[in-house]
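Residue numbers (my numbering), protein chains in the order written: chain A, 1 to 338; chain B, 339 to 615; chain C, 616 to 984.
First up is the structure itself, then whatever we jot down about it.
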Amino acid sequence: METPRSLSFPRASLSNKDKRANRMSTSSIRAGSPAVHTTSGPSSVQGEHRRKNRIGLAMLSPSVLVLLIWMAVPLAMTIYFSLIRYNLLYPGDNEFVGLENYYYFLTDAGFTSGALNTLWLVGSVLLISVIAGVLIAVLVDNAFWGRGIVRVMLISPFFIMPTVSALVWKNLLLHPVSGVFAAVWRFFGATPIDWFSEYPLGAIIMIVSWQWIPFAVLILMTAMQSLDQEQKDAARLDGAGPINVFIHITLPHLARPIAVVVMIETIFLLSIFAEIFTTTGGGPGYETTNLAFLIYTQALLQFDVGMASSGGLIAVVIANIAAFLLIRMIGKNLTDKS
Amino acid sequence: MLSLKQARQLQTVLLGLLAWGVALLIFFPIFWMVLTSFKTEIDAFSTPPQLFFSPTLENYLQIDSRSDYFHFAWNSVVVSFGSTLFGMLLAVPAAYSMAFFESKRTKSTLLWMLSTKMLPPVGVLVPIYLLFKDSGLLDTKVGLVIIYTLINLPIMVWMIYTYFKEIPKDILEAARLDGATATQEITQVLLPISKGGLASTVLLSLILSWNEAFWSLNLTASSAAPLTALVASYSSPEGLFWAKLSAVSTLACAPILIFGWLSQKQLVRGLSFGAVK
Amino acid sequence: MSDLKIRNLKKVFEGLEIIKGVNLDINDHEFVVFVGPSGCGKSTLLRLIAGLEEVTSGSIYLDDREITDLAPAKRDLAMVFQSYALYPHKTVRKNMSFALDLAGVDKAVIDQKVNDAARILELDHLLDRKPKALSGGQRQRVAIGRAIVRQPKVFLFDEPLSNLDAALRVQMRLELARLHQELNATMIYVTHDQVEAMTLADKVVVLNGGRIEQVGSPLELYHYPVNQFVAGFIGTPKMAFLKARVKGASPHSVSLTLECGPEYTLELDGSQLNVGEEVTLGVRPEHIQVTQSADSPFKVHLDVAEHLGADTYCYVKASTGETLTVRAPGDFEPGLGDQVGLQPDLARCHLFDGQGVAIPKPGAPAQAA
């Protein structure tokens, strides 16, 4: 993560002082020049400039400050809790235990599956949503009847709250007896699948993908509109077929938006919670427990604050590694363009 | 043998049909949810699922008897609008400052703000929970407003920043030459020009807060629980209340779905931090 | 009264000196044009006058009042931007009245002024439209109207015509000239287009690399450029430059040998020149004639001819590879690749020394430092 902004504030005021010194020297030079009416004071440009810098700082700092507190205070508490024995069910001595909590969390039966499930969940949803997103965006880029309605339908799932999509999928679609999927399976003469007991993680991945494909479509569809038609025409004149146009023109054009999709989806997918909470509750066993859910069970179901904190810190570290890689990958692009 | 023109037309029609097929597939769960909300509980649970049935409004009429729907809806409204209001109050000045008084640190500040979004909520769940418990914020709307304001702030700052960056500097300079003070410059020139962008930022913040389901499930119980939590409460009595679940879900999602449809174009910019237009 | 004095003005931006000490006097009612290639500092100079940029050192006086450090709005200036910078959310009327509204001027007075300006600019019927609903030329006029209603001491124009198409540009140019007469105001106008500079200006300021190269009336600049830069910048097509060596110099004449062959004697003060020194001869296309090849010592090859109807511009190449443009009559039909002779009008040629400084011609006005 970046250096906290507050560290750089003193430097800002320093450079202001420099400017003041500069101004004093220029005005002393000017004093020697032929004297005419000299106006200065509060309305002077440089004074104005300095004042505006202060205003700029004053307007920015509330946001920076609250975000800093939001980030630093809980994080510091998490670090502290992770180093002590602290269970809400057994109040009393919160003795310092060093890295014991980390040891227990990392060797807990749930951790390995939690980490693996997180990886599976993030990886497969990213893959599914990006591939589907690109294909759909390209498909919808052609003109056809009812394109506006199609676009609206395609992005709709993104606006459905996670608890609703999880329950609708679980009960109305994936239910092994009266779900729509079961009916389709039966229609083709197959035995309906009990998704949540046979492929619990697969079912979750399906639900989450359904929620996030629209996001990829939304971003990539918009990006497609800025694709230079002349470039495509030139490629066609050069003898490129649709597939070559896709590979050599469309995909490179979409590289940046895809990076944006990957970054933002990763942020949200690392902490998928409500979908698991409302469907499987992390089970059966640990089969659908990701790190977020594991920490939740530790903290709010088993009341083991110390261990949950160590888990939380591990999640932060994992997220930071991902964030670092992602910001390095595309963060520069994001600001350079604006 | 088809002529080139005919082949093209056929291709267009086929691709159009394919797009419609994909769109219907993706939209189907929502369609089915709305459909089920008009079924009786028996129709909803029948095998195979029925596409045709005699619709009933009973589920909607009964929602309030099972749980106080309006209580939860009110919580959702208060929390979404409250956090959006405070978010805007913080984000507009910050974005203004960064867009028009750009310094060497502006870019790193923006990236740092973005990085706070990368902090997984579970990482700070425990301390926030304990802090809220100690300060009496647990299960209060104020508590949720604080959390939502903070988690949406970086996105709002980014979004407004990109809108402000697009305003030609000339216009603000013209205002300055016309004698506008800093305040007049903002209220009479900047804000009116960017009201479209600000409106879509408000929409995005409303959508994100309305649908948020980590903090609302963990920090609220009954008195401050928003609709996300109400819907989650339908997960336990499995199977028996599908039609009612669908009705509640439809009511919970409809407003935001419509918001989303209306603002889809502007949302892209906010969601992609201005990287895609 | 409104005259502007600029003294030793310097602007440093991120360690780079953009304006390198400018001194300039602009008199009341004058139409002054800053002209120069892109990056010469002309826009920066205008923005320093407007107060949109911070002055590094030096001072600006308006009517003997120092405005160097004054806030832009308090300088009694109005500016027309290249992008017009209209407020997109305000109607034409509100765009024009904004400054007066802010200043708290009486409503009736504002209406009067806006209506007057609208009449002058023929915007009457557009007053309730938003800028989006206007054409480029109309937006331009609103931008000017916004400046007019404030009745400033000085009008500033930053390349105001560069976003218009060619035909409209000519029309607006004429309108600006008319406006200047009508308002009888001091105007400062920045452009990179020397035709605009020549047609509009009472006084042209040629800038290059953050310095003033020459200040003078359009014809002064045309007839008596002080150096090779100004000579090459003013006039279309450009003046040709030919390398030469001094053969003999006296206070009344200079004789030279051109690198490409011919020898000429010019009636100039050659007292500062030494025999054998390298100099440059400048010839404008309109001051040179094509003659029969046999009688001329100056032989060139015809490269390209452009027929404009009234004139024909011939692009020719000397034996040294130096290129010249020659203006010939419209019915001139050259054979491309032919060898022809040239006859420059020696009285109207320009001579520059090794540093590119012009050898003063008789009748040249005295240059202020």
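Even glycine gets a Cβ: it sits at the ideal position worked out from N, Cα and C.
Could you check the C-alpha separation between residue i and residue j for me, to the nearest Å?
i: isoleucine 128 of chain A; j: leucine 542 of chain B; result: 25 Å
i: arginine 788 of chain C; j: aspartate 643 of chain C; result: 21 Å
i: proline 91 of chain A; j: arginine 85 of chain A; result: 10 Å
i: methionine 24 of chain A; j: phenylalanine 628 of chain C; result: Annotation note: pLDDT 37 at methionine 24 of chain A (below 50); position unreliable, no value reported.
i: threonine 39 of chain A; j: arginine 690 of chain C; result: Annotation note: pLDDT 38 at threonine 39 of chain A (below 50); position unreliable, coordinate value reported separately. If I take the Cα positions, the gap works out to 11 Å.
i: threonine 558 of chain B; j: valine 66 of chain A; result: 22 Å
i: glutamate 882 of chain C; j: aspartate 926 of chain C; result: 29 Å
i: glycine 760 of chain C; j: proline 257 of chain A; result: 44 Å
i: phenylalanine 277 of chain A; j: glutamate 504 of chain B; result: 42 Å
i: proline 530 of chain B; j: glycine 752 of chain C; result: 25 Å
i: threonine 26 of chain A; j: alanine 686 of chain C; result: Reliability fails at threonine 26 of chain A, whose pLDDT of 36 lies under 50, so the model's placement of it is uncertain and no value is given.
i: leucine 121 of chain A; j: methionine 451 of chain B; result: 26 Å
i: valine 430 of chain B; j: alanine 520 of chain B; result: 14 Å
i: threonine 659 of chain C; j: leucine 857 of chain C; result: 34 Å
i: isoleucine 763 of chain C; j: arginine 793 of chain C; result: 14 Å
i: phenylalanine 848 of chain C; j: leucine 741 of chain C; result: 40 Å
i: histidine 253 of chain A; j: methionine 221 of chain A; result: 12 Å
i: threonine 454 of chain B; j: isoleucine 493 of chain B; result: 10 Å
Could you pull out every residue in the same chain whose Cβ sits closer than 8 Å to the Cβ of residue i, ignoring the five residues on either side in sequence?
i: aspartate 743 of chain C; result: Thr706, Val707, Arg708
i: alanine 35 of chain A; result: Confidence in alanine 35 of chain A is poor, its pLDDT being 35 and thus under 50, which makes the residue's placement too unreliable to answer from.
Which same chain residues end up closer than 6 Å to residue i when comparing Cβ atoms and leaving out the 5 residues on each side of it in sequence?
i: glutamine 604 of chain B; result: Ser538
i: alanine 141 of chain A; result: It should be pointed out that residue 141 of chain A corresponds to aspartate in this sequence rather than to alanine. Answer for aspartate 141 of chain A: Met224, listed in chain order.
i: glycine 636 of chain C; result: Asn623, Lys625
i: leucine 661 of chain C; result: Leu771, Asp773, Val805
i: serine 341 of chain B; result: none
i: threonine 297 of chain A; result: none
i: phenylalanine 215 of chain A; result: Phe158
i: threonine 906 of chain C; result: Gly956, Gln958
Using a Cβ-Cβ cut-off of 7 Å (strictly less than) and excluding sequence neighbours within five positions of residue i, which residues of its own chain qualify?
i: tryptophan 548 of chain B; result: Ser414, Ser418, Ile594
i: leucine 791 of chain C; result: Leu815
i: threonine 478 of chain B; result: Ala562
i: isoleucine 545 of chain B; result: Ile594, Phe597, Gly598
i: asparagine 490 of chain B; result: Ser421, Gly425, Ser543, Leu546, Ser547
Can you name the residues of chain C whose CB is closer than 7 Å to the CB of residue i?
i: isoleucine 509 of chain B; result: Ala700, Tyr702
Using a Cβ cut-off of 8 Å, pull out every chain A residue sitting near residue i, in sequence order please.
i: valine 347 of chain B; result: The question names valine, but residue 347 of chain B is glutamine in the sequence shown. Under the 8 Å cutoff, chain A gives no residues; its nearest Cβ is about 11 Å from glutamine 347 of chain B.
i: isoleucine 466 of chain B; result: Pro74
What residues of chain B sit near residue i, judged by a beta carbon separation below 7 Å?
i: serine 156 of chain A; result: Phe365, Ile368, Leu595
i: phenylalanine 144 of chain A; result: Thr350, Leu353, Gly354, Ala357
Using the beta-carbon of each residue, which ones in chain C are nearer than 8 Å to residue i?
i: proline 506 of chain B; result: Ser698, Ala700
Could you name the residues of chain A that residue i contacts, counting a contact when the two beta carbons are closer than 7 Å?
i: tyrosine 434 of chain B; result: Met59
i: glycine 474 of chain B; result: Those within 7 Å of glycine 474 of chain B in chain A number zero; the least Cβ separation is about 17 Å.
Kindly list, in the order they appear in chain A, the residues whose Cβ is closer than 9 Å to that of residue i.
i: threonine 454 of chain B; result: Met1, Leu67, Leu68, Trp70, Met71
Whose Cβ in chain C lies nearer than 9 Å to the Cβ of residue i?
i: alanine 592 of chain B; result: Within 9 Å Cβ-Cβ: nothing; alanine 592 of chain B doesn't reach chain C, min ~32 Å.
Can you list the residues of chain B that residue i reaches, using a CB-CB cut of under 8 Å?
i: arginine 186 of chain A; result: Pro386
i: proline 62 of chain A; result: Leu428, Pro431, Ala432
Under 9 Å (Cβ pairs) to chain C, residues found in the segment 514-530 of chain B: Arg514, Leu515, Asp516, Gly517, Ala518, Thr519, Gln522, Gln526, Val527, Pro530
Chain B contacts from the segment 290-305 of chain A (Cβ-Cβ distance under 8 Å): Leu291, Ala292, Ile295, Tyr296, Ala299, Leu300, Val305
Contact list for the segment 559-573 of chain B against chain C, Cβ threshold 7 Å: none
Within 7 Å of chain A by C-beta, residues of the segment 406-419 of chain B in sequence order: none
Interface residues of the segment 783-803 of chain C facing chain B [CB-CB below 8 Å]: none
Cβ-based contacts, 8 Å cut-off: residues of the segment 118-136 of chain A near chain D: Note that chain D does not occur in the displayed structure, where the protein chains are A, B and C.
The segment 682-696 of chain C touching the segment 515-528 of chain B, judged by at least three CB pairs closer than 8 Å: yes
Residues, ordered as in the chain, of the segment 530-547 of chain B that lie near chain A by beta-carbon distance below 8 Å: Ile545
Selection of the segment 160-182 of chain A by Cβ proximity to chain B, strictly under 9 Å: Ile160, Met161, Pro162, Thr163, Val164, Ser165, Ala166, Leu167, Val168, Trp169, Lys170, Asn171, Leu172, Leu173, His175, Val177, Ser178, Gly179, Val180, Ala182
Stretch pair the segment 662-682 of chain C + the segment 832-839 of chain C: three plus CB contacts closer than 8 Å: no
Three CB pairs or more closer than 8 Å across the segment 579-595 of chain B and the segment 159-176 of chain A: yes
Members of the segment 835-853 of chain C near chain B, C-beta cut-off 8 Å: none
contact_flag[the segment 55-62 of chain A, the segment 431-445 of chain B] where n(CB pairs < 8 Å) is 3 or more: yes
Any 3 or more C-beta pairs closer than 8 Å across the segment 858-865 of chain C and the segment 887-900 of chain C: yes
The segment 795-813 of chain C touching the segment 840-854 of chain C, judged by at least three CB pairs closer than 8 Å: yes
Validate contact between the segment 943-961 of chain C and the segment 907-919 of chain C using beta carbons, cut 8 Å, 3 pairs: yes
Cβ pair count under 8 Å reaching 3, the segment 272-287 of chain A against the segment 191-205 of chain A: yes
At least three beta-carbon pairs within less than 8 Å, the segment 207-214 of chain A to the segment 306-323 of chain A: no
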